[in-house]
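Peer 1: Here you go, one structure.
Chains as they are written, first to last, in the UniProt record's numbering: chain Y, 1 to 258; chain E, 1 to 351.
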């Protein structure tokens, strides 16, 4: 009995939860926390189609009594033995967990826990052809360069001549520099290519002794400063943003870099 | 409810008017219940307190964010796959597939593996579609060939791979040719199985048997909607579980370990295959992802990532388990992994 009910409603319940969650994220402008903007339209269109089919499925009952042989094809065969008890329970637990995760818990960005897990500025995350053209376009006016552009300039050894002495304003969340956590923190953002699963952290180092007494790790800040050779002896970064004016900000609507 | 009209206004068999109205009424009530539920869930979502996130530890937050992002990314493809599967099962003329496909098994599978060009769904959407093909009467081996080849041999994947790598080091060519060969190798291997029905889970095998000879007198639209709800019941729990596992592995396993192995010709191939297995992103976009690691990895490793990841990963195994037995999936994974490894090492040797 229980498994019959589950077989019919489990999929619809999960699809309802998924669809409500996606449409609410889209309506409140938070879909970008999970996927790259280029998938917004496709995701919303498929959610609407799925929603219509789910609603229609509420109206149509598989007619077990009339077409025994036909509706059989549409229901999974009954499991045997102990699975008879475990499977329906697992099904209910899965629905409950999905409900809590997608409907109750507020959406959030990735945190420093993931930065620690995935090396900051690992390899050449930011170095792509469009960065150098961005830099050329910018010329002497560097205000249009993004955090990602700066990261690749800092990584690319030949860029440091260009970088030193330039002043800019950048924002990101705070993570500590592992080689000199007292004096240097990073303005950090995640780069997303498809969805949050592939997020790669990137960061611009900021020299600000004693920063941790004012700004908590994971909090969002905006920093204005001039790039200079790193005064810290311990840090592994050679060029940092120095003499910064740092101010706390709210998490921006688009927290990731693309 | 215009969608429901055909089933109500043109019943397949003469039905007593009283029954028709009672069914009509049940339909209206069902939609009403559905709408009310949707509204209730939506209201819960809007009213849920937004402060609770800060109370969760960072690791738990990231686990949720990562798992949800896999779900949000995959659900549209799963819906698309289910819709296409319904089209294949219920709306395509019974004989079309058999008429169009060549009769020699090898050629048949070769054609099946090119079908992805017409149906650009990423791998998670291919699972329901493949199930639809088997219900429609295609053999297990043929459907498997499609399942493995379609995520690679489809226009979206080819274009994104080209955008990411161009013709560098033959990565694009190796991905396309390698994907085609491996899919057909798997198809050939499993076509040798004496009792292919044993490759399938009992539940799904039963639905295939019934599917073959159903002389339908229920309206197609109604069949389609019932099929949607049953496919959703099969696919979505697997998708949610697969996403949770993917999220869990992501917070648990440090990626640095894998990347540290990047420059060794042998280890880099294995490391990227492991990465592809745990990261579970769609084949349509994985080229951009791996490109973001830049020059860390050898081209053979990238090819192995692009081929293996498109065919097998944690999320896919969860989805495939709805259809194939564990031992089938173990063999499939082993053969694909070995073949991808050979392909990757070969590319490293040449490049």
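Even glycine gets a Cβ: it sits at the ideal position worked out from N, Cα and C.
According to DSSP, residue 35/Y sits in a beta bridge with which residue or residues?
Peer 2: Paired residue(s): 195/Y.
Peer 1: Exposed or buried, what is residue 244/E when buried is set at 16 or more other beta-carbons lying within 10 Å of its beta-carbon?
Peer 2: Per the 10 Å Cβ criterion, buried.
Peer 1: Just to check my reading of the structure: residue 145/E and residue 176/E have Cβ atoms closer than 8 Å, yes? What is that Cβ distance to the nearest angstrom?
Peer 2: Between residue 176/E and residue 145/E the Cβ distance is about 15 Å, and since that is not below 8 Å, they are no contact.
Peer 1: Between residue 212/Y and residue 184/Y, what straight-line distance do the alpha-carbon atoms span, to the nearest angstrom?
Peer 2: Rounded to whole angstroms, residue 212/Y to residue 184/Y spans 9 Å at the Cα level.
Peer 1: Does residue 253/Y get closer than 9 Å to chain E when you measure Cβ to Cβ?
Peer 2: Not an interface residue.
Peer 1: Going straight from the alpha carbon of residue 46/E to that of residue 304/E, what length do you get?
Peer 2: The straight-line gap from Cα to Cα measures roughly 44 Å.
Peer 1: Using a 10 Å radius around the Cβ and a threshold of 16 neighbouring Cβ atoms, would you call residue 178/Y buried or exposed?
Peer 2: With fewer than 16 other Cβ atoms within 10 Å, it is exposed.
Peer 1: Any chance the segment 202-211 of chain E sits against the segment 332-341 of chain E, with 3 or more Cβ pairs inside 8 Å?
Peer 2: In short, these stretches do not touch, since the Cβ pair count stays below three.
Peer 1: Relative to the alpha-carbon of residue 252/E, which residue among 236/Y, 115/Y and 225/Y has its alpha-carbon at the smallest distance?
Peer 2: Cα-wise, what sits closest to residue 252/E is 115/Y.
Peer 1: Report yes or no: is there a C-beta of chain E within less than 9 Å of the C-beta of residue 243/Y?
Peer 2: Cβ-Cβ to chain E under 9 Å: no for residue 243/Y.
Peer 1: Would residue 171/E pass as an interface residue toward chain Y - the criterion being a Cβ-Cβ separation below 9 Å?
Peer 2: Closer than 9 Å: no.
Peer 1: Any contact of the segment 2-15 of chain Y with the segment 227-245 of chain E, i.e. 3+ C-beta pairs under 8 Å?
Peer 2: In short, these stretches touch, since the Cβ pair count reaches three.
Peer 1: Report the option in 339/E, 77/E and 301/E whose CA atom is closest to the CA atom of residue 349/E.
Peer 2: Answer by Cα proximity: 301/E.
Peer 1: Quick check on residue 250/Y - is its C-beta less than 9 Å from some C-beta in chain E?
Peer 2: By this cut-off, residue 250/Y is not an interface position.
Peer 1: Chain Y beta carbons: is any one of them nearer than 9 Å to that of residue 274/E?
Peer 2: With 9 Å as the cut-off, residue 274/E does not count as an interface residue toward chain Y.
Peer 1: On the DSSP bridge assignment, give the partners of residue 167/Y in chain order.
Peer 2: Bridge partners of residue 167/Y: 226/Y.
Peer 1: For chain E, find out if any of its Cβ atoms is closer than 9 Å to the Cβ of residue 218/Y; answer yes or no.
Peer 2: Judged by the 9 Å Cβ criterion, residue 218/Y is in contact with chain E.
Peer 1: Using DSSP's beta-bridge definition, name the partner residues of residue 245/Y.
Peer 2: Per DSSP, 224/Y.
Peer 1: If we ignore side chains and look at the alpha-carbon of each, how far apart do residue 35/Y and residue 183/E end up?
Peer 2: Going from the Cα of residue 35/Y to the Cα of residue 183/E covers about 30 Å.
Peer 1: If you drop the 5 nearest sequence neighbours on each side, which residues of the same chain put their C-beta closer than 7 Å to that of residue 253/Y?
Peer 2: Answer for residue 253/Y: 29, listed in chain order.
Peer 1: Taking only beta-carbon atoms, is residue 282/E less than 9 Å away from chain Y?
Peer 2: True, the Cβ-Cβ gap to chain Y drops below 9 Å.
Peer 1: Would you say residue 39/Y lies against chain E (beta-carbon separation less than 9 Å)?
Peer 2: Judged by the 9 Å Cβ criterion, residue 39/Y is in contact with chain E.
Peer 1: With 8 Å as the limit, tell me which residues of the segment 35-55 of chain E have their beta carbon closer than that to any beta carbon of chain Y; keep them in chain order.
Peer 2: Per Cβ criterion, the list reads 35, 37, 38, 41, 42, 44, 45, 46, 48, 49, 50, 51, 52 and 53.
Peer 1: When the distance is taken between beta carbons, is residue 247/Y closer than 9 Å to residue 221/Y?
Peer 2: Against a cut-off of 9 Å, the Cβ pair of residue 247/Y and residue 221/Y comes out as a contact.
Peer 1: Would you decide whether residue 125/Y is buried or exposed? Buried here means 16 or more other CB atoms lie within 10 Å of its CB.
Peer 2: Note that residue 125/Y scores a pLDDT of 46, beneath 50, so its modelled location is shaky and nothing firm can be said.
Peer 1: Under 9 Å, Cβ to Cβ, is there at least one residue of chain E near residue 156/Y?
Peer 2: No, residue 156/Y lies away from the interface with chain E (no Cβ there is under 9 Å from its Cβ).
Peer 1: What did DSSP end up calling residue 258/Y once you bin it into helix, strand or coil?
Peer 2: Residue 258/Y falls in the coil class under three-state DSSP.
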